[in-house]
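Below: the structure, in structure tokens.
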């Protein structure tokens, strides 16, 4: 049996939601965007009510995802995990992810590029480690390879990492310098050949600067 909308009231704690009253009694809350076509006096049957509640759940999940994305860039997998963790169904989560991808609020290629750029600027890693990190975020292999092809070379990444670490190595003899820098670069996934080359180059560069 259909029920008549008798009041639409803005929620005090969340003005983006409305309380819907049917036949004089509070029935449920809805997002403004979902309730936009409702009006006092309108009648709703149960199928219409169910449809409104389903749309509202999707809208709530969508807004939750946008808030999660507002803090920093995320992969589609990370957003899906977040929505699932807070209790949204797989069906709702998939609908929200598709909407975010369509609107380009989610873009795994951009996310991967930003990840690599950030790592390169502040915490340089080898391609192997960068690839592993992106795989943990469920970025596809094709995207990973495309992004790495656009990044600095591994030698450049290793040199950047070594330069950032160098201040801890000043005034060391070569053996200590070589051991500590090699270990530091190896822990960041760089190969033996690159580590060896970077250690040699940096030692010669810094000694040249010291000795003029």
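Residue numbers (the numbering used here): 105 to 316. Cβ atoms here follow ideal geometry from the backbone N, Cα and C, with glycine treated the same way.
Measure the beta-carbon distance from residue 248 to residue 235 and round it to whole angstroms, keeping in mind my assumption that it falls under 8 Å. Yes, residue 248 and residue 235 are in contact; Cβ-Cβ is about 5 Å, under 8 Å.
Residue range of the unbroken beta strand (DSSP E) whose run includes residue 215: Residue 215 -> not in any beta strand (DSSP E); alpha helix (DSSP H) instead, spanning 212-226.
CB-CB under 7 Å to residue 172, same chain, minus the five flanking residues each way: which ones, in chain order? Cβ within range, chain order: 178, 183 and 186.
By Cβ distance below 8 Å, which residues in the same chain neighbour residue 166 in space, the five residues on each side in sequence not counted? For residue 166, where only same-chain residues beyond five positions count, the Cβ hits under 8 Å are 200, 203 and 204.
In this structure, how does DSSP classify residue 271 when only helix, strand and coil are distinguished? Residue 271 carries a helical assignment under DSSP once its states are collapsed to helix, strand and coil.
Starting from residue 132, follow its DSSP beta bridges and name the residues at the other end. Under DSSP, residue 132 takes part in a beta bridge, and its partners are 124.
Minimum C-alpha distance to residue 142 - residue among 115, 111, 170 and 272: For residue 142, the nearest C-alpha among the options comes from 111.
Check the C-beta distance from residue 289 over to residue 262 and give it rounded, since I have them as a contact under 8 Å. Right, their Cβ atoms sit about 6 Å apart.
Among all the DSSP beta bridges, which residues are the ones paired with residue 111? Looking at the DSSP assignment, residue 111 forms a beta bridge with 125.
Would you identify the three-state DSSP class for residue 254, choosing helix, strand or coil? Residue 254 sits in a helix when the DSSP states are folded into three classes.
Taking 8 Å as the cut-off, is the C-beta of residue 294 nearer than that to any heavy atom in the ligand MN? Because no ligand of any kind appears in the structure shown, any question about the ligand MN cannot be addressed here.
Using DSSP bridges, identify the partner residues of residue 147. BP columns for residue 147 point to 108.
Tell me, to the nearest whole angstrom, how far the beta carbon of residue 303 is from that of residue 282; I am working on the premise that it is less than 8 Å. About 5 Å; that satisfies the 8 Å criterion.
Alpha-carbon spacing of residue 163 relative to residue 139, whole angstroms: Taking the CA atoms as reference points, residue 163 sits about 11 Å from residue 139.
If residue 108 sits next to residue 145, beta carbons under 8 Å apart, how far is it from one beta carbon to the other, in whole angstroms? Separation of the CB atoms of residue 108 and residue 145 is rounded to 7 Å, and the pair is thereby assigned contact status at 8 Å.
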